[in-house]
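Colleague: In this text, residue positions in the sequence shown follow the numbering used here: the first is 214, and each later residue adds one. Just so it is clear, CB atoms sit at the ideal spot from N, CA and C, and this is done for glycine as well. There's a structure below that I have some questions on.
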Amino acid sequence: CIHVSKLVIDSKKEKQPKRDRRMLCARLSCLQDDFVTDIESLHSNRYFFSDQFRMSLAHDVSSSRGGLGLPGTVASHIPIIVLQRLRINISEVCKEYRERVLQECKMTVNNTLRDFIDANNHPLLLTMLEKTTDDVFKKQNCVLENHHADIIEWENSTYSSNHYFMDTVQSIRRTIFDEESDKPSYLMGLNPTKIKSLSNDDQKLIDTQIEIFAYWKLMKKRFADNIIMSTYSVLVKKPIYTLLNEGMIGAVLRKNDKDVVSLFSPKGDVVKKRSLLCSRLEKLNKALKLLQDFDTGMTVPDSM
């Protein structure tokens with residue numbers, strides 16, 4: 214975890230900023246929770262069993278009536294079309310999450326730089342590192358955007374080998390037809406008596422509603438995990454812990470490396486001269502040692 218100070222302006226005391234001292238991992242965890250909530254809120258459980266959803270589904274079924282398939286059945290492509298509509302706003306949710314994570318990560322690195330580097334004494338160094346940080350995150354954000362596009366594209370294929378799908382379908386059916394069980398409110402009053410009073414076509418619609426709902430539950434969990442994991446890998450772990458930490462910034466931020474930090478200070482010319490003199494002195498010492506070794510080798514023993 215990376216611990217930095219985040220400024221949070223109190224609306225009542227704008228001139229006295231408060232500091233959010235949570236670690237980056239804690240702030241990212243909150244963003245992940247918000248992202249999952251946003252995915253969940255795209256369509257509530259009640260929506261899948263509402264009259265509105267059933268009427269929309271009935272329209273899709275009737276528009277393809279008479280096509281391939283057994284008489285009275287729901288064509289296999291209908292759930293796929295419905296799921297495509299359900300996912301229509303999912304890319305915007307991903308974009309918002311990606312941008313919020315990017316903002317937190319950039320702020321973390323920049324605040325860390327400012328903790329180690331005095332902006333007044335080393336303005337050029339700080340500017341250079343902030344520019345490098347911005348370039349790194351821009352590049353990684355583009356990579357992540359492509360990853361997210363791929364993940365969204367994956368979901369266009371309605372497929373899963375996870376048994377959670379059929380487990381959910383069977384669980385809902387058992388709940389509906391078990392007269393003694395407590396029915397979840399999102400089932401909108403579905404019970405054996407109500408279902409038996411429906412036409413065959415409407416009963417088929419209910420079966421399709423259950424299957425679409427079960428797949429949506431599976432899909433949104435899988436989708437959220439894939440988005441969160443790819444975001445952490447590409448936008449958090451790689452730039453902060455690999456590119457920045459092990460590379461240029463990791464080297465510069467060593468407190469004992471005063472020469473590197475001073476290089477971009479207002480007295481940078483003095484540091485350069487000092488480094489040049491140190492280099493010359495080192496070469497002179499090496500030359501002196503060679504001469505001493507040569508003199509020692511040329512010494513004639515007294516016995517001769």
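Between which two residues does the alpha helix (DSSP H) harbouring R313 extend?
Modeller: Start and end: I303 to F329.
Colleague: Check whether the region 304 to 318 and the region 429 to 447 are in contact - that is, three or more C-beta pairs closer than 8 angstroms.
Modeller: Flag = yes, the region 304 to 318 and the region 429 to 447 touch.
Colleague: Pull up the CB-CB distance for T340 and V322, whole angstroms please, since I reckon it's below 8 angstroms.
Modeller: T340 to V322, Cβ: 14 angstroms. No contact.
Colleague: Near Y429, what residues of its chain come up, given a Cβ to Cβ distance below 8 angstroms and the 5 sequence neighbours on each side ignored?
Modeller: Note that residue 429 is Trp in the sequence shown here, rather than Tyr. Answer for W429: H256, F261, L296 and L299, listed in chain order.
Colleague: When burial is assigned at 16 or more other CB atoms within 10 Å of the CB, is A288 buried or exposed?
Modeller: So A288 counts as buried.
Colleague: In or out: C318 buried (at least 16 other Cβ within 10 Å) or exposed?
Modeller: C318 comes out buried.
Colleague: Are any of the Cβ atoms in chain D nearer than 8 angstroms to that of K433?
Modeller: Here there is only one protein chain, and chain D is not present.
Colleague: Short check: CB of E392 to CB of P405, under 8 angstroms?
Modeller: Against a cut-off of 8 angstroms, the Cβ pair of P405 and E392 comes out as a contact.
Colleague: Quick check: I294 and D264, are their CB atoms within less than 8 angstroms of each other?
Modeller: No; because the gap between Cβ atoms is not below 8 angstroms, this pair is not in contact.
Colleague: With 16 as the cutoff for other CB atoms within 10 Å, does D470 come out buried or exposed?
Modeller: Note that D470 scores 49 on pLDDT, short of 50, meaning its location in the model is unreliable; the coordinates nonetheless yield the value given after this. When all chains shown are included, D470 counts as exposed.
Colleague: Under 8 angstroms: do the region 410 to 419 and the region 328 to 344 share three or more Cβ pairs, one atom per stretch?
Modeller: Judged by Cβ distances under 8 angstroms, the region 410 to 419 makes no contact with the region 328 to 344, as fewer than three pairs qualify.
Colleague: Suppose only complete runs of 4+ residues qualify. What are the alpha helix (DSSP H) ranges in the region 347 to 404, listed by chain order?
Modeller: If we require 4 residues or more, the alpha helix (DSSP H) runs fully inside the region 347 to 404 come out as 377 to 390.
Colleague: When the Cα atoms are used, what is the spatial distance from S370 to N302?
Modeller: Their Cα atoms are separated by approximately 17 angstroms.
Colleague: Hey, out of E368, A427, C243 and D348, whose CA is closest to H376's CA?
Modeller: Measuring from the Cα of H376, the nearest candidate turns out to be A427.
Colleague: Please work out which residues of its chain come closer than 8 angstroms, Cβ to Cβ, to R387, disregarding the five sequence neighbours upstream and downstream, and give them in chain order.
Modeller: Within the same chain, R387 has close Cβ partners S394.
Colleague: Taking I291 as part of the alpha helix (DSSP H), name the residues at either end of that continuous run.
Modeller: Taken as a continuous stretch (DSSP letters only), the alpha helix (DSSP H) holding I291 covers H290 to L299.
Colleague: From this set, I408, S384 and K409, which residue's C-alpha is nearest P397's C-alpha?
Modeller: Measuring from the Cα of P397, the nearest candidate turns out to be S384.
Colleague: Taking the alpha helix (DSSP H) that H272 falls in, what are its first and last residues?
Modeller: Where H272 is concerned, the enclosing alpha helix (DSSP H) stretches over D264 to S276.
Colleague: In three-state DSSP terms, what is T213?
Modeller: There is no way to answer for residue 213, as the model of the chain reaches only from 214 to 517.
Colleague: Mapping DSSP to helix, strand and coil, what is L255?
Modeller: L255: coil per DSSP, three-state reduction.
Colleague: Contact check, V579 vs I364 under 8 angstroms by CB: the rounded distance?
Modeller: Residue 579 is absent from the structure shown; the chain starts at 214 and stops at 517.
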